[in-house]
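**Student:**
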Amino acid sequence: MDMSRRTVIAGAAAAGVTAALSGTAHATGGIKPVKELFGRLADGTEVYRWSLENGGTRMKVLSYGGIVQSLELPDRRGRYANVSLGFGTIEDYVSSSPYFGALIGRYGNRIDRGRFTLDGTTYQLSVNDGDHSLHGGAQGFDKRVWDVQPFRRGSDVGLRLRHTSADGEMGYPGTLKAEVTYTLTRSGDWRIDYEATTDKPTVCNLTSHVYFNLAGEGSGTVYDHELSIAASRYTPVDAGLIPTGELAKVAGTPFDFRRTKTVGEDIRDAHQQLLYGKGIDHNWVLDKGITARPEHVATLRDPRSGRTMKIATTEPGLQFYSGNFLDGTLVGSGGRIYRQGDALCLETQHFPDSPNQPSFPSTVLRPGQTYRSTTVHSFGA
Ligand code: BGC
-2 MDMSRRTVIA GAAAAGVTAA LSGTAHATGG IKPVKELFGR LADGTEVYRW
48 SLENGGTRMK VLSYGGIVQS LELPDRRGRY ANVSLGFGTI EDYVSSSPYF
98 GALIGRYGNR IDRGRFTLDG TTYQLSVNDG DHSLHGGAQG FDKRVWDVQP
148 FRRGSDVGLR LRHTSADGEM GYPGTLKAEV TYTLTRSGDW RIDYEATTDK
198 PTVCNLTSHV YFNLAGEGSG TVYDHELSIA ASRYTPVDAG LIPTGELAKV
248 AGTPFDFRRT KTVGEDIRDA HQQLLYGKGI DHNWVLDKGI TARPEHVATL
298 RDPRSGRTMK IATTEPGLQF YSGNFLDGTL VGSGGRIYRQ GDALCLETQH
348 FPDSPNQPSF PSTVLRPGQT YRSTTVHSFG A
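Per my numbering, numbering of the sequence shown is gapless, rising by one per residue and ending at 378.
Spelled out as structure tokens, the structure:
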């Protein structure tokens, strides 16, 4: 926890803004997750919502899709807001969610025409985005009910989410056993650890699809948020948002976030890539590459509230999506309409369409290997 965060929490408790924080969460190093019934799927399956809190960060997670339904953070004066877009009911998540807060698998982002060849066999995946397969296909990990186990370990609290994806599910080869751990640390960091194993050669690329608005969901666009990304290159796409294979330099383009600038500064630049994405919807090639431990790659700050988020990851890529397809047709959890640019996603991942791009870092997972990926979100104000 940085000092500014410590000050905020002390200030919040002193001001009596939150009773929970001043006692339990802090002195004991977090509240053990508690669950409540959130709703039922059409077939009667119960969906639970887990609430957890530690170090000033509060989170609500659904067993459906591992969805972060709410992420509450204090601002510089200790006032809480939910900084993630979402819905209030399971029906809305099932019928119309653009992956709000969800776990994404088996493959984050697009695979060209939903097809790839591995060890001489061509696989046809579920196609759900024009001609392409997006975020694991029509019934991806975001639409599965996960087995959720709470834990408390030292000063950490968290949830262990498990899902077994059957051989051939959505067209992917191999039984994939996935385990994702959400941890809230005593300093209020949110850490995600992903693991997966397979019984046949396959591809795997897991991520999290939280839509962040550090000023609070439903409060307007994120165009005034300040962002930096430690990446000198990005992967340009074609009109269908499939990477061309090039690792293009960000220098001199709207994609240069090496020095902090606002999200909105260049978003209306008449750059062909922004036309394709209807804004920013691209993968940044992180300068650090794949690392054994999470390394810092991006910082987001809302100047109005003072809330900040730093992202560290083991992954080589970061998909920055500026909420371009939010079109005013969805009503969010706070009862307000979501419009274009009202949030952004920063999805740590391997690059889109890697199974068809031999020059990209490999996403192949073989029996006996364990897929591992870690991302840490650190908050402050
Ligand atoms: C993709 C977008 C897509 C969005 C779904 C992002 O990860 O890059 O193209 O529309 O997810 O909401």
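In this text, a Cβ means the ideal position worked out from N, Cα and C, and glycines have one as well.
(1) Restricting to Cα atoms, I'd like to know which of GLY242, HIS206, ALA267 is closest to GLY137.
(2) Based on the DSSP secondary-structure assignment, which residues constitute the bridge partners of ARG318?
(3) Confirm, please, whether the CB-CB distance from GLY155 to THR180 is below 8 Å.
(4) Quick check: the region 302 to 322 against the region 339 to 357, are there 3 or more CB pairs under 8 Å?
(5) Could you tell me how far apart the beta carbons of ARG188 and VAL373 are, in whole angstroms, since I believe they sit closer than 8 Å?
(6) Under 6 Å Cβ to Cβ from PHE124, same chain only, skipping five residues before and after it: list those, please.
(7) Buried or exposed: LEU362, going by 16 or more other Cβ atoms within 10 Å of its Cβ?
(8) Spell out a yes or no on whether the region 254 to 270 and the region 210 to 230 are touching, meaning 3 or more CB-CB pairs, one atom from each, closer than 8 Å.
(9) Cβ of GLU166 within 7 Å of any heavy atom in the ligand BGC?
(10) What is the rounded straight-line gap between the Cα of VAL282 and the Cα of PHE357?
(11) Just how far apart, CA to CA, sit ASP153 and TYR45?
(12) Sort GLN66, TYR77, GLY185, GLY237 by Cα distance to ASP89 and report the nearest one.
(13) Check each residue's C-beta against every heavy atom of the ligand BGC and list, in chain order, those closer than 6 Å.
(14) DSSP state of ASP126, grouped into three classes?
(15) For the region 69 to 150, which segments carrying the alpha helix (DSSP H) assignment without a break, of at least 4 residues, lie completely within its bounds, in sequence order?
(16) Measuring CB atoms only, is the region 70 to 86 touching the region 321 to 336, in the sense that at least three cross pairs come out at less than 8 Å?
(17) What do you get for GLU312, buried or exposed, if any count of 16 or more other CB atoms within 10 angstroms of its CB means buried?
**Tutor:** Taking the structure as given:
(1) Of GLY242, HIS206, ALA267, the smallest CA-CA separation from GLY137 is found for HIS206.
(2) Sequence inspection shows Tyr at residue 318; the Arg mentioned does not correspond to that position. Paired residues: ASP278, CYS342.
(3) For the pair THR180 and GLY155, the CB atoms are nearer than the 8 Å cut-off.
(4) By the Cβ criterion, the region 302 to 322 is in contact with the region 339 to 357, since at least three pairs of Cβ atoms, one from each stretch, lie closer than 8 Å.
(5) Rounded, the Cβ-Cβ distance is 5 Å, consistent with contact.
(6) Going by the sequence as given, residue 124 is Val instead of Phe. Within the same chain, VAL124 has close Cβ partners GLY111, SER130.
(7) Flag for LEU362 reads buried.
(8) Yes, since at least three Cβ pairs between the region 254 to 270 and the region 210 to 230 fall closer than 8 Å, the two stretches touch.
(9) Within the chosen limit of 7 Å, the ligand BGC does not reach the beta carbon of GLU166 with any heavy atom.
(10) VAL282 and PHE357: Cα-Cα distance of roughly 10 Å.
(11) Straight-line Cα distance between these residues: approximately 21 Å.
(12) Selected option, being the one with the closest Cα: GLN66.
(13) Taken from the N-terminal end onward, the list reads PRO95, TYR96, ASN106, LEU238, ASP278, GLN316, TYR318, PHE322, CYS342, GLU344.
(14) Three-state result, ASP126: strand.
(15) Within the region 69 to 150, the alpha helix (DSSP H) runs of at least 4 residues that lie entirely inside it are, in chain order, 87 to 93.
(16) Result yes; three or more Cβ-Cβ pairs closer than 8 Å.
(17) Buried.
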